[in-house]
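Residue numbers (the working numbering): 6 to 300.
Report on the structure given below.
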């Protein structure tokens with residue numbers, strides 16, 4: 006492992022001889038192992054001190070997620086329990102790059118999934134018998150593992166529950182014909198069109214940012230987009246549009262005047278014109294749910 010000459014000189018000046026140590030791959034690996042072992046021992050002691058012997062008093066949360074940059078899938082396992090002084094605490098027992106071998110996938114991912122859960126629990130002196138329940142999303146693999154394989158009492162994870170419930174109420178589905186709320190889908194299309202136009206029409210330059218600054222409606226100078234599978238992002242989009250409503254009206258008015266001055270084809274009007282009250286009413290329903298998820 007190489008070092009800059011400046012770093013060596015600085016280390017020689019500020020570090021006593023008794024504290025100096027060679028920094029290489031071996032010492033770094035040893036230091037990381039020592040840190041992990043000491044943290045693991047402390048955590049095991051903490052769990053033992055707060056467990057009720059012979060009573061199923063623990064709850065587990067298992068979740069899959071993907072890294073945005075690489076698309077790599079990870080699996081995390083978190084432990085929830087109440088301490089001796091009646092405080093709810095959670096501990097992340099571990100995360101792992103989840104990529105079972107081809108031969109392990111013959112029966113799906115549930116086999117490797119269960120084996121990983123049991124192994125990491127064993128690392129901390131725990132077994133499935135110590136748990137009475139689990140809280141996860143509604144994914145079929147995770148839910149089946151908790152209820153049918155591990156035989157735990159299953160509950161919805163609140164953020165996932167509110168996300169699924171809100172998507173159903175808003176009629177958000179890939180198949181428009183099967184939507185239970187087509188009017189809401191039409192409103193969401195208007196929202197998407199508004200965000201797209203404000204962010205991509207180059208002839209308007211930085212007019213939107215200047216209007217935000219001129220009207221003093223906050224530090225956020227741009228509209229944000231939302232992901233259809235994330236309710237929290239949708240509530241932020243609605244909140245930003247309602248907050249910048251006057252800015253949007255002025256922006257579309259100036260866009261129409263500019264087209265008239267340039268003698269070009271008139272642009273499309275403000276897609277959400279006339280929907281402000283509806284946006285405010287929907288936002289009043291969404292904000293309490295968002296606040297619940299944050300807490």
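Cβ atoms here follow ideal geometry from the backbone N, Cα and C, with glycine treated the same way.
Fair warning: this is a prediction, and the values are worked out from it, not measured in the lab.
With a minimum length of 3 residues, the unbroken runs of beta strand (DSSP E) contained wholly in the stretch 60–135 fall at 63–71, 78–87 and 93–102. Only exposed fits residue 70, as fewer than 16 other CB atoms lie within 10 angstroms of its CB.
In this structure, the CA atom of residue 238 is about 14 Å from the CA atom of residue 297. Closest in C-alpha terms to residue 221, from the list 118, 149 and 252, comes 252. Taking residue 157 as the centre and dropping the five residues before and after it, the same chain places the C-beta of 65, 133, 136, 137, 138, 139 and 151 closer than 8 Å to its C-beta, in chain order. The Cβ-Cβ distance between residue 49 and residue 175 does not fall below 8 Å.
Residue range 158–161 is occupied by the beta strand (DSSP E) that includes residue 158, with no alpha helix (DSSP H) assigned at that position. Taking residue 142 as the centre and dropping the five residues before and after it, the same chain places the C-beta of 162 and 165 closer than 6 Å to its C-beta, in chain order.
Between residue 256 and residue 216, the beta carbon gap of about 6 Å places them in contact (Cβ cut-off 8 Å). Remark: C-beta atoms of residue 246 and residue 205 do not approach each other more closely than 8 Å. Residue burial annotation: residue 36 is exposed, with fewer than 16 other C-beta atoms found within 10 angstroms of its C-beta. In the three-state DSSP reduction, residue 275 falls in the coil class, being neither helix nor strand. Contact annotation: residue 264 and residue 271 have beta-carbon atoms nearer than 8 Å. Residue 249: not part of any alpha helix (DSSP H); DSSP gives it neither H nor E. The C-beta of residue 187 has fewer than 16 other C-beta atoms within 10 Å across all chains shown, which makes the residue exposed. The shortest C-alpha to C-alpha distance from residue 144 to any of 90, 68 and 210 is the one to 68.
Here residue 276 has 195, 198 and 199 as same chain residues with Cβ atoms under 6 Å from its own Cβ, once five neighbours each way along the sequence are excluded.
Restricting attention to 202, 294, 207 and 250, the CA atom closest to the CA of residue 230 is found in 202.
For residue 12, the secondary structure class from DSSP, reduced to helix, strand or coil, is helix. Distance from the CA of residue 81 to the CA of residue 38, rounded to the nearest whole angstrom, comes to 20 Å.
Around the CB of residue 52, 16 or more other CB atoms lie within 10 Å, so the residue is classed as buried. Look at residue 171 here: in three-state DSSP terms it is helix. Contact annotation: residue 146 and residue 120 have beta-carbon atoms that are not nearer than 8 Å.
At the C-beta level, residue 288 and residue 192 stay beyond 8 Å of one another. Taken atom to atom, the span from the alpha-carbon of residue 125 to that of residue 219 is near 56 Å. The three-state reading of DSSP puts residue 178 in coil, since its state is none of H, G, I, E or B.
Taking residue 259 as the centre and dropping the five residues before and after it, the same chain places the C-beta of 212 closer than 7 Å to its C-beta, in chain order.
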